[in-house]
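Peer 1: Protein chains in written order, with the UniProt record's numbering: chain B, 1 to 213; chain C, 1 to 205. Quick one: structure below, then a few questions.
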């Protein structure tokens, strides 16, 4: 496959579980860009049959003109750059990346409270996360939004980027567990509202099936 | 001509990949290093109260990988088009996944527990990661020694740095991974990198 073919009209195929998780940000990017793609979703019991087809035995995987790309952040950043949702120059893209990394830090801090084995331990972890860790992370995100947002509602540069889309989907899950967790963060609440107001995103969210994760 | 200032502790840690990128590119920057007892006085100056931070013409940027990716793109060490850059990012994330698994073990204070966890990491966890690195190198490396596209990118620089940490834990770690050994050797051979490695401060971490 030569690079000219790739830049003219690539074909995109996203493989992931039937849920939002760390794959949804890429679906939101496709939606925001109005870009068609094959949205392959495996149920948990179907997945083992396909594991060996993926480079690292994990999902999400994006296939671009037949070449497979693993790693959710690498996939989302690539798509965001393809569709001009990554930041308008190199330094803005770095600010977007820094916000995304901070959102990932939040997600990784939350994950053990949901995906562990011991229910008693998970309950304790969840209390600690929502009580102590999450407010710190949300404060960090507001700090970055104010530092890079040029006074607007989006995280970077007064326009929608994949940082806003990623924040929306990760907090969707957290709000599902604790509906009040953003109450002390009006800027972040407003940021989510701005994402939901985007016409293509509003349409996508209206039609998307609701999943816990 | 932006001015660059990198803030970190006096060690390699999460800033070294950025320093390797500056070195490979032959680019100047202010290499600010705080000793542990100096850091509390500067913590509030950093956006997230953490380091590394890169200051570019007075604007601060946190998050070690975002810093490194930005510098790599500035100096053409990030991959030559959007898809190659994505392949580089995927390799970087995969290296980082391995480091993330090892870091808690490294900072375990109970020596007996640390030894047990390290043994388990080497036997069960590390082999999977090394196999993943080789898989991506073969998928994206176009038959060459570098991870992506037959040229040096920051993925190779990050692997060089993290590889050094792995070899400190087990000097035989790459014995069954000739491609990974060769990749690190190619990085060390780059004249500007060789020069940098010869002269960089020798630190504990």
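A virtual CB, placed ideally from N, CA and C, is assigned to each residue, including glycine. These figures come from a predicted structure and were not determined experimentally.
Verify whether the separation of the beta carbon atoms of residue 173 of chain B and residue 25 of chain B is less than 8 Å.
Peer 2: Mapped onto the first chain, residue 173 of chain B falls at position 173. Mapped onto the first chain, residue 25 of chain B falls at position 25. Not closer than 8 Å, so no.
Peer 1: Could you tell me whether the Cβ of residue 200 of chain B comes closer than 8 Å to any Cβ of chain C?
Peer 2: Against the first chain, residue 200 of chain B aligns to sequence position 200. No, residue 200 of chain B does not count as interfacial toward chain C.
Peer 1: For residue 12 of chain C, which residues in chain B fall below 8 Å Cβ to Cβ?
Peer 2: Within the second chain, residue 12 of chain C is the residue found at index 12, counting from 1. Here the premise fails: no neighbours, minimum Cβ distance about 20 Å.
Peer 1: Under 7 Å Cβ-Cβ, which residues of chain C neighbour residue 98 of chain B?
Peer 2: Taking the first residue of the first chain as position 1, residue 98 of chain B is located at position 98. Simply 61, 62, 63 and 66.
Peer 1: Check the Cβ of residue 71 of chain B against every Cβ in chain C and list those closer than 8 Å, keeping chain order.
Peer 2: As a first step, residue 71 of chain B is located in the first chain; it is residue number 71 there, counting from the start. Per Cβ cutoff of 8 Å: 89, 90, 93 and 94.
Peer 1: Leaving out five residues before and five after residue 152 of chain C in sequence, what residues of the same chain have Cβ atoms less than 8 Å from its Cβ?
Peer 2: Here residue 152 of chain C refers to the residue found at position 152 of the second chain. These residues qualify, in order along the chain: 24, 77, 146, 186, 187 and 190.
Peer 1: Quick check: is the beta carbon of residue 86 of chain C nearer than 8 Å to any beta carbon in chain B?
Peer 2: Along the second chain, one-based indexing puts residue 86 of chain C at 86. Chain B contact via Cβ: present.
Peer 1: Among B/69, B/126 and B/37, which has the Cα closest to the Cα of residue 107 of chain B?
Peer 2: Stepping through the first chain from its first residue, residue 107 of chain B is reached at position 107. Of the candidates B/69, B/126 and B/37, the one whose C-alpha sits nearest the C-alpha of residue 107 of chain B is B/126.
Peer 1: Of all the residues that make up the stretch 179-204 of chain C, which are near chain B by a beta-carbon distance shorter than 7 Å?
Peer 2: Hits within the stretch: zero.
Peer 1: Mind checking the UniProt domain "GST N-terminal" (2-79) of chain C against chain B and listing, in chain order, the residues whose C-beta falls within less than 7 Å of any C-beta there?
Peer 2: 47, 48, 56, 61, 62, 63, 65, 66, 69, 70, 73 and 74
Peer 1: Would residue 61 of chain C pass as a contact of residue 98 of chain B if the rule is Cβ separation under 8 Å?
Peer 2: The residue given as residue 61 of chain C occupies position 61 in the second chain. The residue given as residue 98 of chain B occupies position 98 in the first chain. Yes, these two residues count as a Cβ contact at 8 Å.
Peer 1: Excluding sequence positions up to five away, which residues of its chain have a Cβ less than 7 Å from the Cβ of residue 56 of chain C?
Peer 2: What you label residue 56 of chain C is simply residue 56 of the second chain in a count that begins at 1. The residues are 2 and 4.
Peer 1: Keeping to the same chain, check which residues put their C-beta closer than 6 Å to that of residue 93 of chain B; ignore five residues upstream and five downstream.
Peer 2: Mapped onto the first chain, residue 93 of chain B falls at position 93. In the same chain as residue 93 of chain B, and ignoring 5 residues on each side of it, the C-beta atoms closer than 6 Å to its own belong to 86 and 87, in chain order.
Peer 1: Closest to residue 153 of chain B by C-alpha separation, out of B/166, B/188, B/119 and B/138, would be which residue?
Peer 2: Position 153 of the first chain, counted from the start, is the residue given in the question as residue 153 of chain B. Out of B/166, B/188, B/119 and B/138, B/188 has the C-alpha closest to the C-alpha of residue 153 of chain B.
Peer 1: Spell out whether any CB of chain B is found under 8 Å from the CB atom of residue 153 of chain C.
Peer 2: Taking the first residue of the second chain as 1, we reach residue 153 of chain C at position 153. Output row for residue 153 of chain C: interface = no.
Peer 1: Quick check on residue 146 of chain C: does DSSP put it in helix, strand or coil?
Peer 2: Within the second chain, the letter at position 146 stands for residue 146 of chain C. In this structure, residue 146 of chain C counts as coil in the three-state DSSP scheme.
Peer 1: Residue 34 of chain B and residue 211 of chain B - do their beta-carbons sit closer together than 8 Å?
Peer 2: The residue you call residue 211 of chain B lines up with position 211 of the first chain. The residue you call residue 34 of chain B lines up with position 34 of the first chain. Result no, Cβ atoms of residue 211 of chain B and residue 34 of chain B do not sit closer than 8 Å.
Peer 1: Excluding the five sequence neighbours on either side, which residues of its own chain have a C-beta within less than 6 Å of the C-beta of residue 144 of chain C, listed in chain order?
Peer 2: For this step, residue 144 of chain C is matched to residue 144 along the second chain. Correct list, in chain order: 150.
Peer 1: To the nearest angstrom, how far is the alpha carbon of residue 111 of chain C from that of residue 146 of chain B?
Peer 2: What you label residue 111 of chain C is simply residue 111 of the second chain in a count that begins at 1. What you label residue 146 of chain B is simply residue 146 of the first chain in a count that begins at 1. Distance between the alpha carbons of residue 111 of chain C and residue 146 of chain B: 43 Å.
Peer 1: Ignoring anything shorter than 4 residues, give me the alpha helix (DSSP H) runs that lie fully in the UniProt domain "GST N-terminal" (2-79) of chain C, in order along the chain.
Peer 2: Correct list: 16-25 and 64-74.
Peer 1: Can you confirm whether residue 80 of chain B, when its beta carbon is compared against all beta carbons of chain C, has any partner nearer than 8 Å?
Peer 2: Residue numbering aside, residue 80 of chain B sits at position 80 when the first chain is read from its first letter. Not an interface residue.
Peer 1: List the residues of chain C that residue 74 of chain B touches, going by C-beta distances under 7 Å, in chain order.
Peer 2: Here residue 74 of chain B refers to the residue found at position 74 when the first chain is read from its first residue. Within 7 Å Cβ-Cβ: 86, 89, 90 and 93.
Peer 1: Hey, out of B/66, B/63, B/21 and B/166, whose CA is closest to residue 195 of chain B's CA?
Peer 2: Locating residue 195 of chain B in the first chain gives position 195, where the first residue counts as 1. The candidate whose alpha carbon is nearest that of residue 195 of chain B is B/166.
Peer 1: Per DSSP, what kind of secondary structure is residue 43 of chain B in: helix, strand or coil?
Peer 2: The count along the first chain starts at 1 and reaches residue 43 of chain B at position 43. In this structure, residue 43 of chain B counts as coil in the three-state DSSP scheme.
Peer 1: Between residue 204 of chain C and residue 78 of chain B, what straight-line distance do the alpha-carbon atoms span, to the nearest angstrom?
Peer 2: By 1-based counting over the second chain, the position of residue 204 of chain C is 204. By 1-based counting over the first chain, the position of residue 78 of chain B is 78. Those two C-alpha atoms are separated by around 36 Å.
Peer 1: Quick one: measure Cβ to Cβ for residue 65 of chain B and residue 10 of chain B, integer angstroms, because I've assumed they're closer than 8 Å.
Peer 2: Counted from its first residue, the first chain places residue 65 of chain B at position 65. Counted from its first residue, the first chain places residue 10 of chain B at position 10. Yes, they are in contact, since the Cβ atoms of residue 65 of chain B and residue 10 of chain B sit about 5 Å apart, within 8 Å.
Peer 1: Are residue 109 of chain B and residue 133 of chain B touching if we call contact CB-CB under 8 Å?
Peer 2: Within the first chain, numbered from 1, the residue matching residue 109 of chain B stands at position 109. Within the first chain, numbered from 1, the residue matching residue 133 of chain B stands at position 133. Yes; because the gap between Cβ atoms is below 8 Å, this pair is in contact.
Peer 1: Given that residue 146 of chain C touches chain B, what residues does it touch there, using C-beta distances under 7 Å?
Peer 2: Start at 1 with the first residue of the second chain, and residue 146 of chain C comes out as number 146. Residues of chain B with a Cβ closer than 7 Å to the Cβ of residue 146 of chain C do not exist, since the nearest Cβ in that chain sits about 17 Å away.
Peer 1: For residue 174 of chain C, which of helix, strand or coil comes out of DSSP?
Peer 2: Residue 174 of chain C sits at position 174 when you count from the first residue of the second chain. Coil at residue 174 of chain C, not helix or strand.
Peer 1: Less than 8 Å between CB atoms is the rule here; does residue 143 of chain B satisfy it with respect to chain C?
Peer 2: Sequence index remark: in the first chain, residue 143 of chain B carries index 143 (1-based). Yes, its Cβ sits closer than 8 Å to a Cβ of chain C.
Peer 1: Could you give the C-beta distance for residue 13 of chain B and residue 53 of chain B, rounded to a whole number, given that I count them as a contact under 8 Å?
Peer 2: Counting from one through the first chain, the residue named residue 13 of chain B turns up at place 13. Counting from one through the first chain, the residue named residue 53 of chain B turns up at place 53. Rounded, the Cβ-Cβ distance is 12 Å, inconsistent with contact.
Peer 1: Using a 10 Å radius around the Cβ and a threshold of 16 neighbouring Cβ atoms, would you call residue 94 of chain C buried or exposed?
Peer 2: Here the question's residue 94 of chain C lines up with position 94 in the second chain. When all chains shown are included, residue 94 of chain C counts as buried.
Peer 1: Measuring alpha carbon to alpha carbon, tell me which of B/21, B/42, B/39 and B/157 ends up nearest residue 221 of chain B.
Peer 2: The structure shown does not extend to residue 221 of chain B, since chain B spans only 1 to 213, so no value can be given for it.
Peer 1: Where do the N-terminal and C-terminal ends of the beta strand (DSSP E) with residue 95 of chain B fall, by residue?
Peer 2: As a working note, residue 95 of chain B is residue 95 in the first chain. Per DSSP, residue 95 of chain B belongs to no beta strand (DSSP E); it is in the alpha helix (DSSP H), 90-110.
Peer 1: Would you call the stretch 78-89 of chain C and the stretch 153-168 of chain C in contact, with 3 or more CB pairs under 8 Å?
Peer 2: yes
Peer 1: Would you say residue 5 of chain B faces chain C, with C-beta separation under 8 Å as the test?
Peer 2: Looking up residue 5 of chain B in the first chain gives position 5. For residue 5 of chain B, the pLDDT reaches just 49, beneath the cut-off of 50, and the residue's location in the model is therefore unreliable, although a value from the coordinates is still provided. Chain C, which has no Cβ nearer than 8 Å to the Cβ of residue 5 of chain B, makes this no.
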